[in-house]
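S.K.:
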Amino acid sequence: MADIEKAFLQIELHKQDRDVARFFWTENLNDYDPKNLQVYPLTRVLFGLTSSPFILAATIRHHLKKYKDKFPDTVKIVGSSLYVDDFISGQEIVDKALQTSLESIEIFKEAGMSLKKWHTNSKKLERFWIENKVPVEEFNCLSDEEVVLLKLNNIIFRKKNILTFGIMLKSYEQLQTGLVTPNSFKSAMITNRLFSMDLSKHSVIRQCHTAGITVLDLDPAEDRFLLSGSKNGDLAIHDVLNNSGHPWYTAEIICRIRRNTEYAHRFCITSAQWYPFDTGLFITSSMDHKLKIWDTNILRPADTISMTHKISALHMSNLPSEHTLIAVAMEHPHVVLVDPRTGARCHELRAHCIGVSAVRWSPFAEHLLATGGRDNKIFFWDIRSANGYLRSLDQHNGEAVGNKKDMITAHNGRISSLKFTDNGLYMVSHGADNRIRLWDVALCKNTLVNYGSIQSIYANFQVSLDLCCDSSLPALFVPCNNSINVYDLFTGCRIRTLVGHFNLVTSCVFRSTTHELYSSGNDMNILLWTPDGEKELEAEREMCSPEHQRVTDNAESSFDTDNWSD
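Under our numbering, the letters of the sequence shown match residues -16 to 549, in that order.
As structure tokens, this is what we get:
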């Protein structure tokens, strides 16, 4: 690696172009008289202008043509290894690397440019540089055994690759120069990975359900155990942690609760959630009117709470707070709050006209609860207040003609799902009117982001949405018929459409530690969507290579040979 010293200042502007770049000078900042201002035209290319990198690149390319016959290999390497004023390349042999560096120094010297700050991971090459008086800068790099070879010309520049590669280079340059923080760089990299997300071709989730899967939940404590429930009442837990050392693996079933067991649910699972702070507990609800609190270690209910109506949804707060209440939505106008420590129903929230279909605790305010019903309404509640709900959300923000209190609705159909952003400032709602709305929680206003028409999956069940809030473009994952649509949360633009299921998609869960997505459907499958498709293909090519095959054969032959003496 090397840097062209003062690269932009080595390029002189033509006299007729010097009026384009000028600056003003005055001896007295308090005197704004134009007569006292002195105008100085710039004679060199100014660093920081939008056009400057192009001028530098064009100048270098023109200069390299002069040495195409004298140093053909070096000209080819330099032409494909320059990024603005940085020269980044590599060779497999030290002698070739020395030759490339010396010839490139000679080429740029003829243009009045000096290559400085040379870095290498080879101590041998560094000694050669010092002997040849190459300006070397001390740099903590890799050992001699770990050779880094970077060839930008081997990248296949498809339309998608150009976009993601450009985002990566721009973000890395801004991180180096201090223009962005490490967190911003991380967000840009996550965005890059979301753009390349696709169905995993080698990693699978072991199939275990014999009916359509209705719910998924990934434990927030370890981000490892995937809980799923199906239409026939079966429950299963998969371990999705990949300890194999290579990109492909099979997530095995570590436990399963069948419908025909004594303590299982009898009908369709409507909700399932891990206890937020420990994998030793999870809760489920079903159409059999029962809410069960499970002990994971013995796979039996620690408590079973019977309700008067079918349970549509439930949710427990992810915040460590004084209460650990479970909000329960039923085919009944009242929302019930259950204390899991006693199994008692301690609160009832009354405002909906007919059955409640969705509930969600705020991840920021521990006492704030959102509920959505079949009456097309969404209410915000402060559970400490005895005065009823805080606000009723209005899709028209109070501007509808003939607006009355009993006519305020959030959707034109029942509420299918509610989901807060991680900071609790916004909430997403999905309705049976095939619409998604983004709400400003503080103002209780519809942000009017247009996501287009989205087909409802079920008429009677909750639709499971999920969010990725760590990327620079916060992403919303929405099941839509047999596919999953990925949207930019704040603009409504569709980023991707993930196609892989053979039947209706019912649920999706985003895994933030690996930036992977898990989805379930009526086809009884749980699919894994990963941004590491290129790594999988690279590993597959490596596995199929003759060299790897020889290593495998040698390992197998040594394994079959006994070490017993005659």
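We put the CB at the ideal spot given by N, CA and C, even for glycine.
Going by DSSP in three states, K360 sits in which element: helix, strand or coil?
M.R.: Mapped onto the sequence shown, residue 360 falls at position 377. Here K360 sits in coil by DSSP.
S.K.: How big is the Cα-Cα spacing for K360 and T497?
M.R.: As a position in the sequence shown, residue 360 is number 377, starting the count at 1. As a position in the sequence shown, residue 497 is number 514, starting the count at 1. Using only the alpha carbons, I get a separation of about 36 Å.
S.K.: Could you pull out every residue in the same chain whose Cβ sits closer than 7 Å to the Cβ of Y246, ignoring the five residues on either side in sequence?
M.R.: As a first step, residue 246 is located in the sequence shown; it is residue number 263 there, counting from the start. Cβ within range, chain order: R283 and P284.
S.K.: Nearest by alpha-carbon distance to T325: which of K275, L352 and A348 is it?
M.R.: The residue given as residue 325 occupies position 342 in the sequence shown. Ranking the options by Cα distance to T325, first place goes to K275.
S.K.: Going by DSSP, what residues sit across from C251 in a beta bridge?
M.R.: In the sequence shown, the residue the question calls residue 251 occupies position 268. Paired residues: none, contrary to the question.
S.K.: Output the distance between the C-alpha atoms of D453 and M172, rounded to the nearest integer angstrom.
M.R.: In the sequence shown, counting from the first residue as 1, residue 453 sits at position 470. In the sequence shown, counting from the first residue as 1, residue 172 sits at position 189. Spanning the two alpha carbons is a distance of roughly 10 Å.
S.K.: Could you spell out where the beta strand (DSSP E) holding M299 opens and where it closes?
M.R.: Numbered from 1 along the sequence shown, position 316 holds the residue referred to as residue 299. Note, M299: beta strand (DSSP E), I294 to M299.
S.K.: For L408, which of P462, P346 and S295 has the nearest alpha-carbon?
M.R.: Within the sequence shown, residue 408 is the residue found at index 425, counting from 1. When only C-alpha atoms are compared, the closest one is P346.
S.K.: Ignore the nearest five residues each way along the sequence and tell me which others in D365's own chain have a CB closer than 6 Å to its CB.
M.R.: Along the sequence shown, read from residue 1 onward, the residue named residue 365 stands at position 382. If we look at D365 and ignore the five residues flanking it on each side, its Cβ neighbours are H350 and L373.
S.K.: Please report the distance separating the alpha-carbon of I288 from that of K273.
M.R.: Locating residue 288 in the sequence shown gives position 305, counting from the first residue. Locating residue 273 in the sequence shown gives position 290, counting from the first residue. If you take the alpha carbons of I288 and K273, they lie about 6 Å apart.
S.K.: Kindly indicate which residue of D202, L302, V339 and K79 has the alpha-carbon position closest to the one of A348.
M.R.: On the sequence shown, position 365 is the one that residue 348 refers to. The shortest Cα separation from A348 among D202, L302, V339 and K79 belongs to L302.
S.K.: T489 and G475 - do their beta-carbons sit closer together than 8 Å?
M.R.: For the purposes of this step, residue 475 is taken as the residue at position 492 of the sequence shown. For the purposes of this step, residue 489 is taken as the residue at position 506 of the sequence shown. Taking 8 Å as the Cβ cut-off, G475 and T489 do not qualify as a contacting pair.
S.K.: Tell whether a beta-carbon distance below 8 Å holds between H315 and T354.
M.R.: By one-based count along the sequence shown, residue 315 stands at place 332. By one-based count along the sequence shown, residue 354 stands at place 371. Their beta carbons are not under 8 Å apart, which means H315 does not touch T354 by this criterion.
S.K.: Would you please state the rounded distance, in angstroms, between the beta carbons of S340 and S269? I believe it to be under 8 Å.
M.R.: Locating residue 340 in the sequence shown gives position 357, counting from the first residue. Locating residue 269 in the sequence shown gives position 286, counting from the first residue. The Cβ separation is near 15 Å, so there is no contact.
S.K.: If we call anything under 8 Å between Cβ atoms a contact, is P462 one with V446?
M.R.: Position 479 of the sequence shown, counting from 1, holds the residue named residue 462. Position 463 of the sequence shown, counting from 1, holds the residue named residue 446. Yes.
S.K.: Taking Cβ to Cβ, would you say D271 is nearer than 8 Å to F250?
M.R.: Within the sequence shown, numbered from 1, the residue matching residue 271 stands at position 288. Within the sequence shown, numbered from 1, the residue matching residue 250 stands at position 267. Yes. Within cutoff.
S.K.: Kindly indicate the opening and closing residues of the alpha helix (DSSP H) around D78.
M.R.: Mapped onto the sequence shown, residue 78 falls at position 95. Taken as a continuous stretch (DSSP letters only), the alpha helix (DSSP H) holding D78 covers V77 to E93.
S.K.: Can you find the residues in the same chain that come closer than 6 Å, C-beta to C-beta, to P514, ignoring five residues on each side of it along the sequence?
M.R.: In the sequence shown, residue 514 corresponds to position 531, counting from 1. If we look at P514 and ignore the five residues flanking it on each side, its Cβ neighbours are R176, S179, M180 and H498.
S.K.: Could you work out which residue in R477, S466, F473 and L472 is closest to Y501 when comparing CA atoms only?
M.R.: Counted from its first residue, the sequence shown places residue 501 at position 518. Out of R477, S466, F473 and L472, S466 has the C-alpha closest to the C-alpha of Y501.
S.K.: Can you give the beta carbon distance from A310 to L352, rounded, assuming they're within the 8 Å contact cut?
M.R.: Taking the first residue of the sequence shown as position 1, residue 310 is located at position 327. Taking the first residue of the sequence shown as position 1, residue 352 is located at position 369. That belief holds up - the Cβ atoms of A310 and L352 are roughly 6 Å apart, short of 8 Å.
S.K.: Please list the segments of the alpha helix (DSSP H) lying wholly inside the region 483 to 523, counting only runs of 4 or more residues, in order along the chain.
M.R.: As far as the region 483 to 523 is concerned, it has no whole alpha helix (DSSP H) run of at least 4 residues.
S.K.: Counting only runs of 3+ residues fully inside the region 20 to 49, write out the beta strand (DSSP E) ranges in chain order.
M.R.: Listed in chain order, the complete beta strand (DSSP E) runs (minimum 3 residues) inside the region 20 to 49 are 21 to 24.
S.K.: Which residues in the same chain as S87 place their Cβ atom closer than 6 Å to its Cβ, once the five residues preceding and following it in sequence are excluded?
M.R.: The residue you call residue 87 lines up with position 104 of the sequence shown. These residues qualify, in order along the chain: T57 and V61.
S.K.: Report the rounded CA-to-CA distance for A425 versus M410, giving the unit in angstroms.
M.R.: In the sequence shown, the residue the question calls residue 425 occupies position 442. In the sequence shown, the residue the question calls residue 410 occupies position 427. Computed Cα separation, rounded: 10 Å.
S.K.: To the nearest whole angstrom, what separates the beta carbons of R357 and R328, a pair I think is in contact under 8 Å?
M.R.: Indexing the sequence shown from 1 puts residue 357 at position 374. Indexing the sequence shown from 1 puts residue 328 at position 345. About 21 Å separates the two Cβ atoms, so there is no contact after all.
S.K.: Would you call the region 253 to 260 and the region 186 to 201 touching, i.e. three or more CB-CB distances under 8 Å?
M.R.: Touching, yes, given that three or more Cβ pairs across the two stretches are closer than 8 Å.
S.K.: Just to confirm before moving on: does the CB-CB distance between I266 and L218 stay below 8 Å?
M.R.: Residue mapping note: residue 266 aligns to position 283 of the sequence shown, counting from 1. Residue mapping note: residue 218 aligns to position 235 of the sequence shown, counting from 1. No, they are not a contact pair.
S.K.: Shortest alpha-carbon distance to V342 belongs to which of H413, N406 and G381?
M.R.: For this step, residue 342 is matched to residue 359 along the sequence shown. Cα-wise, what sits closest to V342 is H413.
S.K.: So what does E(-12) bridge to, in DSSP terms?
M.R.: Residue mapping note: residue -12 aligns to position 5 of the sequence shown, counting from 1. Its beta-bridge partners are S97.
S.K.: So, at 7 Å on beta carbons, what are the nonlocal neighbours of T392 in its own chain, with the 5 sequence-adjacent residues on each side left out?
M.R.: Position 409 of the sequence shown, counting from 1, holds the residue named residue 392. Excluding positions up to five away in sequence, the list reads N359, K360 and Q378.
S.K.: Which two residues bound the contiguous beta strand (DSSP E) that contains T267?
M.R.: Mapped onto the sequence shown, residue 267 falls at position 284. Element bounds for T267: L264 to S269.
S.K.: Restricting to Cα atoms, I'd like to know which of H394, R420 and D286 is closest to T404.
M.R.: Within the sequence shown, the letter at position 421 stands for residue 404. Among H394, R420 and D286, the Cα nearest to that of T404 is on R420.
S.K.: I294 and M313 look like a contact to me (Cβ under 8 Å); what is the Cβ gap, rounded to whole Å?
M.R.: Within the sequence shown, the letter at position 311 stands for residue 294. Within the sequence shown, the letter at position 330 stands for residue 313. About 5 Å separates the two Cβ atoms, so the contact holds.
S.K.: Does G62 come out as helix, strand or coil in the three-state DSSP assignment?
M.R.: The sequence position of residue 62 within the sequence shown is 79, counting from 1. Helix.
S.K.: Go to T197, then tell me how far its beta strand (DSSP E) extends in each direction, as first and last residue.
M.R.: Position 214 of the sequence shown, counting from 1, holds the residue named residue 197. Here the beta strand (DSSP E) through T197 covers I196 to L201.
S.K.: Classify R616 as buried or exposed, calling it buried when 16 or more other Cβ atoms lie within 10 Å of its own Cβ.
M.R.: Past the edges of the chain, shown from -16 to 549, lies residue 616, and the structure says nothing about it.
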